[in-house]
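Residue 7 in the UniProt record's numbering is what sits at position 7 of the sequence shown, and the numbering runs on without skipping anything.
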Amino acid sequence: MAEPVTGERTAWAHACGVEGPDGLSCLMAQTARGHRVLLASLLAEIDLYPGQDRALHALWDNGPQSQNALARILGIDVSTMTKMLQRLERSGFVSRSPSPANRRVSIVSTTPEGDALRPALDRVEAELLARMTRGLTPGQIGTLVSLLAVVRDNLCPEAASGADSCSC
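The structure is reproduced here in structure tokens:
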């Protein structure tokens, strides 16, 4: 059973006006911000920025991709993808080469240095999950996942149909 909310933990809830009409929106915003700050901090330990982890996973899961295909997989703008790949390339984690079929298209691949990040990234993701779910039972985690999926689908109807506009 989760512990009751008391003392200092209620200060932020009070600041959000949990009882008021904006309480849920405020809590969602604080939660999303907290997730991003923690993720950024953990990724910085392995010389990555938020989003770069998703790009590496997409390459590991799908193999080499064109920049445009990778941007589609991640649900981000091609210009954002270009900047992200420039950083990853400067760090030595990915390489880009012309496509044999169309030399104007760049194919992105992970490098051995990028592939070597996989165990460290797995540890970062495990730590993030552990911190996010601290104090929750497995049943509560399952309920939270279900509820967040409903909220996401309400906010991003495209997500329910598999479209990318609200992808992580």
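Glycine residues also receive a C-beta, built at the ideal position from the N, C-alpha and C atoms.
The structure presented is a predicted model; accordingly, all values stated were derived computationally and were not measured.
- Task: Just the C-alpha distance for residue 51 and residue 135, rounded to the nearest angstrom, thanks.
- Result: Going from the Cα of residue 51 to the Cα of residue 135 covers about 27 Å.
- Query: Thinking C-alpha only, which one of 124, 60, 90 is nearest residue 109?
  - Reply: The residue with the shortest Cα to Cα distance from residue 109 is 60.
- Query: If you pair each beta-carbon of the segment 53-67 with each one of the segment 87-98, do three or more pairs fall below 8 Å?
  - Reply: Contact holds: three or more Cβ-Cβ distances are below 8 Å.
- Closer than 8 Å by C-beta to residue 114: which residues in its own chain qualify, once you throw out the five before and the five after it? Chain order, please. Cβ neighbours of residue 114 beyond the five flanking positions: 56, 59, 88, 92, 93, 94.
- In whole angstroms, what separates the C-alpha of residue 4 from that of residue 149? Only weak support is given to the placement of residue 4: the predicted model assigns it a pLDDT of 43, under 50, and the question is left unresolved by the model.
- Message: Quick check on residue 154: does DSSP put it in helix, strand or coil?
- Response: Residue state, collapsed to three classes: helix.
- Task: Use the C-beta contact count for residue 129: other C-beta atoms within 10 angstroms, 16 or more gives buried, fewer gives exposed.
- Result: Exposed, because fewer than 16 other Cβ atoms sit within 10 Å of the Cβ of residue 129.
- Message: Let me make sure I understand the geometry here. Which of 31, 43, 105, 138 has the alpha-carbon closest to that of residue 70?
- Response: Of 31, 43, 105, 138, the residue nearest in Cα terms is 105.
- In angstroms, rounded to a whole number, what distance separates the CA positions of residue 122 and residue 103? Cα-Cα distance, rounded: 34 Å.
- Taking C-alpha atoms, which residue in 78, 64, 154 lies nearest to residue 100? Nearest C-alpha to residue 100: 64.
- Item | Cβ-Cβ separation, residue 124 to residue 42 (assumed contact under 8 Å), whole Å | Under the criterion of beta carbons closer than 8 Å, residue 42 and residue 124 qualify as touching, at roughly 5 Å.
- Item | Counterpart residues of residue 110 in DSSP-defined beta bridges | In the DSSP output, where bridge partners are listed per residue, residue 110 has 94.
- Please state if the CB of residue 38 and the CB of residue 131 are separated by a distance shorter than 8 Å. A contact, by the Cβ cut-off of 8 Å.
- What does DSSP give as the partner residues of residue 66 in its beta bridges? Its beta-bridge partners are 107.
- Message: Buried or exposed, going by whether 16 or more other CB atoms sit within 10 Å of the CB of residue 73?
- Response: The C-beta of residue 73 has 16 or more other C-beta atoms within 10 Å across all chains shown, which makes the residue buried.
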